[in-house]
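Visitor: One structure, as structure tokens, below. Some questions next.
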Amino acid sequence: MNRVIELPPKSIVKPSAWIGENVAKNPEQWIETFSAAEITELELAADKFMNTEKDIAFITKEDFPLARLRNKLEKLRNSLISGLGFKLIKGLPVKDYSQAKAATIFCGIGAHLGKANSQNAMGHILGHVRDIGADADDTKARIYQTSKRQTFHTDSADVVGLLCLKTAKEGGKSLLVSTETIYNEMSKTRPDLVALLFDPIATDRRGEIPQGEKPFFEIPVLNWYKGHLTGMYQRQYIDSAQRFPDAMKLTDKHIEALDMFDQLANDPRLHIAMQLEVGDLQFVYNHSQLHDRTGFIDWPDRKDRRHLLRLWLSMPGDRSLPDCFAQRFGSTDIGNRGGIITKDTKLNVPLD
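The sequence shown lines up with residues 22 to 373 when you count with the working numbering.
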């Protein structure tokens, strides 16, 4: 018996189904700047927290009071879930801070948006995005640990946040594209191919395997559930999962569908590119958006090299997810899902 899949309407019309060339012309829709008073509030909250003995890995919004910024961050969360699905906030003077203070401010902001999750088997609540010389072709390496092009993908959380501490000598642009827009484009011209992206395609866990799980998870690239189209995608990891004997084998048509998905994501008309500058914060809603980073050339001196801090956040008030997401998110409980947890994972925040 053939599996019956409920598909979305032929065209999804909502703010998050944007066209890159259009939103690029209206930066006021997605760029904000911290005011001097807001920066002062963040600095005072960070100084107060750093004078306690509390562990930053478990910081809460009560630990980091933001009377002035609270409403702005509430609007930010709503715009990620129900609006365009991304936001860039500029102006944080991180050059004036120690790395610990920058991390405290970033984690404090994150605590007002949602719950921070582990980003790897080591339990890192705060991720460091930089080239550590990892081999991009190594099936146990994570692409963000290299200087290579990442390709469009989602992370294992409701929202991913980045804080730019240092930029590369050349390259390293951030790229964003709407998953819903890619669906709309494929639905218009190749509905036969887009339907295949609702199959349970295997994605490699890259050696970070939760207890009792397979070395890969089987979540469709596209999922239609309770009126929302939700994406889960990382092409390199889909390709490397094919090495597992019990993974669903991709047919020629599946590969054609994935290739078309990639081609549309890389269409300059559809995606938007931005160069994150020192002090910029970027937040992206993984369920409706894909993000990417171009390759880069770094500075010779290690202390000057490209470095971003990263948060994976689970958001209160978010959409429901289908049960298959529990394979990767551990749970589908709203506000308490996402991240990577293995048998020996203990939550911590590496400041270096």
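All C-beta atoms in this analysis are idealised placements derived from N, C-alpha and C, irrespective of residue type, glycine included.
Helix or strand or just coil, what does DSSP make of Ile-222?
Guide: Three-state result, Ile-222: coil.
Visitor: Across the segment 211–224 and the segment 309–323, are there enough close Cβ pairs to call them in contact, namely three or more that are closer than 8 angstroms?
Guide: Output reads no: the segment 309–323 does not touch the segment 211–224.
Visitor: Can Gln-374 and Leu-302 be called in contact, C-beta distance under 7 angstroms?
Guide: In the structure displayed, the chain extends from 22 to 373; residue 374 sits before or after that span and is not available.
Visitor: Measuring only the C-alpha atoms, how far is Asn-43 from Leu-196?
Guide: Rounded to whole angstroms, Asn-43 to Leu-196 spans 15 angstroms at the Cα level.
Visitor: Which class does Asp-313 belong to by DSSP, given the choice of helix, strand or coil?
Guide: Of the three classes helix, strand and coil, the one that applies to Asp-313 here is strand, per DSSP.
Visitor: Go ahead and pull the three-state DSSP assignment for Ile-33.
Guide: Looking at Ile-33 - three-state DSSP - the assignment turns out to be coil, as it is neither helix nor strand.
Visitor: Could you name the residues of the same chain whose beta carbon sits closer than 7 angstroms to that of Ser-335, not counting the 5 residues immediately before and after it, in chain order?
Guide: Within the same chain, Ser-335 has close Cβ partners Gly-135, Lys-136, Asn-138, Ala-178, Asp-179, Gly-356, Asn-357, Arg-358, Gly-359.
Visitor: Tyr-246 bridges to which residues according to DSSP?
Guide: DSSP output for Tyr-246 lists His-249 as bridge partner(s).
Visitor: For Met-269, which residues in the same chain have their Cβ closer than 8 angstroms to its Cβ, ignoring the five residues on either side in sequence?
Guide: Excluding residues within five positions, the ones whose Cβ falls inside 8 angstroms are Asp-220, Pro-221, Ile-222, Ala-223, Glu-239.
Visitor: Return yes when at least one heavy atom of the ligand NAD lies under 6 angstroms from the C-beta of Met-253, else no.
Guide: This structure lacks the ligand NAD; in fact it carries no ligand of any kind.
Visitor: Can you give the Cα-Cα distance for Ser-431 and Gly-106, rounded to whole angstroms?
Guide: Outside the displayed range of the chain (22 to 373) lies residue 431, so it cannot be described from this structure.
Visitor: Who does Arg-358 pair with in a DSSP beta bridge?
Guide: BP columns for Arg-358 are empty, so no partner.
Visitor: With DSSP as the reference, identify every bridge partner of His-149, one or two as the case may be.
Guide: BP columns for His-149 point to Leu-330.
Visitor: What number of angstroms, rounded off, separates the C-alpha of Arg-211 from the C-alpha of Leu-243?
Guide: Using only the alpha carbons, I get a separation of about 15 angstroms.
Visitor: Give the DSSP-derived three-state secondary structure of Leu-134 in the structure shown.
Guide: Helix.
Visitor: Grab the span of the alpha helix (DSSP H) containing Gln-303 for me, first residue to last.
Guide: Here Gln-303 belongs to no alpha helix (DSSP H); instead the beta strand (DSSP E) covers 302–306.
Visitor: Mapping DSSP to helix, strand and coil, what is Glu-64?
Guide: Glu-64: helix per DSSP, three-state reduction.
Visitor: DSSP three-state call for Leu-183: helix, strand or coil?
Guide: Correct three-state label for Leu-183: strand.
Visitor: In the DSSP assignment, what residue or residues form a beta bridge with Lys-108?
Guide: Note: Lys-108 sits in a beta bridge opposite Phe-304.
Visitor: Using only the alpha-carbon positions, how far apart do Lys-93 and Ile-110 sit?
Guide: Looking at the two C-alpha atoms, the distance is approximately 11 angstroms.
Visitor: Which of the three DSSP states is assigned to Thr-363 in this structure?
Guide: The answer is coil: DSSP assigns Thr-363 none of H, G, I, E or B.
Visitor: Which residues in the same chain have their Cβ closer than 8 angstroms to the Cβ of Thr-363, if we skip the five residues on either side of it in sequence?
Guide: So the list reads Ala-142, Glu-229, Ile-230, Pro-231, Gln-232, once near-sequence residues are dropped.
Visitor: Check this for me: beta carbons of Leu-297 and Ile-146, under 7 angstroms apart or not?
Guide: Cβ distance not < 7 angstroms, so Leu-297 and Ile-146 don't count as in contact.
Visitor: How close, in whole Å, do the beta carbons of Ala-38 and Thr-202 come, if the pair is a contact with beta carbons under 8 angstroms?
Guide: 5 angstroms between Cβ atoms; contact.
Visitor: For Ile-52, which of Phe-304, Lys-324, Phe-346 has the nearest alpha-carbon?
Guide: The shortest Cα separation from Ile-52 among Phe-304, Lys-324, Phe-346 belongs to Phe-304.
Visitor: Is it the case that the Cβ atoms of Phe-282 and Phe-237 are separated by a distance below 7 angstroms?
Guide: No, the Cβ-Cβ distance between Phe-282 and Phe-237 is not below 7 angstroms.
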